Every structure is written in C-alpha cells, then in structure tokens.
Amino acid sequence: MASENTASSDASPFEGFIGTSPAMKELFRHIRKIANSSATVLLLGETGSGKELVARAVHELSPRVTGPFVRVNCGALSESLLESELFGHVKGAFTNAIENRTGRFEAGHGGTIFLDEINSVSHTLQVKLLRVLQEHQFERVGDTRTISVDCRIIAATNRDLTEMVEAGSFREDLYYRLNVLPIYVPPLRERREDIPSLVQFFVERYAAQNRKPILQVVPEALAHLIAYLWPGNVRELQNYIERAIVLAEGTELTSDLLPSHVRGEAPVRLGRVERGELQSLCAELVSRGLSEVTEEGKSHEHVMGLVERELILQVLRSCQGTQTKAATRLGINRNTLHKKIDDYHLESESG
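First residue of the sequence shown? That's 0 in numbering that gives the first Met the number 0, and the numbers climb one at a time after it.
Rendered as structure tokens:
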C-alpha cells in the first residue's frame, strides 16, 4: 500500500503544470527521479511543449534550488553575441566592449544553467561548451585567465540531435555529454486528455487579465480544440484562447472565435503530417462525435477517442501498416503509437 501511495505521489503535478494524462504522469515521475542528480539533462520536445517549465521543475527539486536558475536562448543570438553571453568578456575584447562583463555560466555558479535550443549552437561554440561540460572551466572572451564554475547544465532541443550528428552539424562527443539524462516532453497531441483543463485555465487567466467574465466553452468549440493537432503545442493553445477572450462579446466561447484552421475549415501546418491532410476527416469526426454526445450523453473523451482512433487508422493505412513511418508522419513516439494501436484495437484494420 505504501508503494502505491509513493508511486501516486511521484506522478502528481508540479506547480505551473496542468495535466493528469498518462504522458504527463510519466513526465512527473521522470523529473522526480533525476532531480537529485548533478548529471546533465537533455530535454527533447517540440517548440511550445513546455521544456522550460520542466527545466525549472528539475532545478527546484534539486539540491541546487537555493542557487540561481539561468536561462539562455541559444537560438536567439549570433555566434559572437552568444559566446559573450555565455562566457562573458573583458574590456576591449571587441568593439563596444567598454567594460568587463560576467557571462551566464559565472552567473549560474552554484545553480542551474538552462541552454534552450542547443541545436542552434555553432561548431566553434560546441567545442567550448564541451570543455565546460568536461572540465567545468572556460575563459572570458578576450581573456587568458581560466575561470572554474560549478553549475548543472540542462539543455533543450526541438531537433533530433542524432540526425544532426549524422549530418555533421552537431558534434558527436558533445551529444553524448549532453544526453546523460534525456527527458522526453510530450507534445499536446499526445496528451489530449489535458486539453479541457488547459482551456479552462487559460480562459480564467485571460478573462482576469482583460477584465472580462469567464466564458463558458461550448461543446462544439471544445471538440474542435480536442481534434486539432496543435503543431505549436500549449503555446499555440494559449494564444488562441487569449484571442477568443479578447474578441468575445457574449458569455460563451463559441467555435467562431477560433481560427478557421482549428475548426477544420482551412489548411493547417501539421508538423510532420502533410499540410491540410486529414482536416476534412477531423471535421467530419468532430461533427459525428458531437452528434453522439448529444444523443447518448457521452463526454468529450468520446469525441477525442473517436477522432484520434480514425486519424491513426488513416495514417497507418496510408503507410501500408508500417508503424515507424506512421509514427514519423503523426509526429509521435513509436512506442506511443504501438500502445494506441493496442488501445484502439487497430492491428487487424491497419494493413
């Protein structure tokens, strides 16, 4: 009984996270398991899936919680600016270097440094990062004095680093140094069960921010939100709910407040699934699901399952039952696809 309670506790959400789906419970367990270590963490996940939230949770559960949490977006700066940002510089190191500057690694001493979009770092900086990982030492730009630091590195990527290694754009030795404790952050389409809770959270947040009443989300609008594939993940959902709150004139969040591609009425960027593909199918299934909800009193989970099952089935058929190819097109992990095939009993239908 005690072990069951512990397992349940390990899977409970952290502050700032919303989600009770199996994918999120597994994420919470993984975070708790690795937080006490000082080893490097590599977060794998799509843009907008919440990798920074995960990095902060790891930091806050670690012995370094009293130290700083320093975030660097490696994709937002040029090579020269990023080098100065990470390692600092001395006065006169380059034009406009009018004084000494402390870098982010120094600022993160005793705490955690989060390197977002690590996949965008140049080869030159990859070499310097490798040294920091191996020796915990570096020099400021324009200086010869070696500085030692003690900070845990959490890196994040929205690209497959193994593919980049094979293509020669990412150092293999750095990849292995980073990939000590990998954590997969699931995209929103792999945890559709969490969409109603996320929608309600953002409705309440943006209603308060805009001094408007909390809107009632009508079943049709919720069904469209559940059926949509969310290439931009939680960040995209957040933006559309804010937009709906601002535009709403009544007391309900209706379908017309959502973008046309979310309603299945226009082509949409679907990530690894081809643009516009299966949108009419989703719209048809949403309509069918809503009809069954009305007639049979079933919940939104029924609509979600109906849409997801048919979507997976159609992609599997178009891939002649090849699960690896279907998982790639759907943008989900192959193990996740295999489990859903079992859950929806699709093995005999997908050939």
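Ideal Cβ placement from N, Cα and C applies to all residues, glycine included.
Predicted model only: the values in this text are computed from it and were never measured.
Look at E264 here: in three-state DSSP terms it is coil, with no helix or strand label.
Counting only runs that start and end inside the segment 176-244, the alpha helix (DSSP H) elements of at least 4 residues fall at 194-208 and 218-226. An exposed status is given to R210, since fewer than 16 other beta-carbon atoms sit within 10 Å of its beta-carbon. Residue environment for P185: buried (at least 16 other C-beta atoms within 10 angstroms of its C-beta). Sixteen is the threshold: when 16 or more other Cβ atoms of the shown chains lie within 10 Å of the Cβ of H88, as they do, the residue is buried. Closest option to D149, judged by alpha-carbon separation, among R63, L173 and L80: R63. When Cβ pairs closer than 8 Å are counted between the two stretches, the segment 48-65 is seen to touch the segment 105-121, the count reaching three or more. For H88, the pairing in a beta bridge is given by DSSP as R100 and V140. Under the three-state reduction of DSSP, A326 is assigned to helix. One alpha carbon belongs to E251, the other to T156, and they sit about 38 Å apart. For the set G320, Q199 and E307, the Cα lying nearest the Cα of P212 is the one of Q199.
Assignment of beta-bridge partners to A155 by DSSP yields L42.
Straight across, the Cα-Cα distance linking L128 with G44 is about 21 Å. Closest in C-alpha terms to Y183, from the list A34, H122, L177 and E25, comes E25.
Beta-bridge partners of L114 (DSSP): V71 and A154. Just so you know, the alpha carbons of E171 and R100 end up roughly 31 Å apart.
A222 is classed as buried because its beta carbon has at least 16 other beta carbons within 10 Å across all chains shown. Judged by DSSP in its simplified three-state form, E248 adopts coil rather than helix or strand. Secondary structure at S77: coil, using DSSP grouped into helix, strand and coil. Taking C-beta separations shorter than 7 Å and ignoring five residues to either side along the sequence, the partners of R158 in its chain run N118, following chain order. Per DSSP, T161 is one residue of the alpha helix (DSSP H) stretching across L160 to A166. When C-alpha distances from V179 are compared across A154, L197 and D255, the shortest belongs to A154. CA-to-CA, the gap between T335 and L329 works out to about 11 Å.
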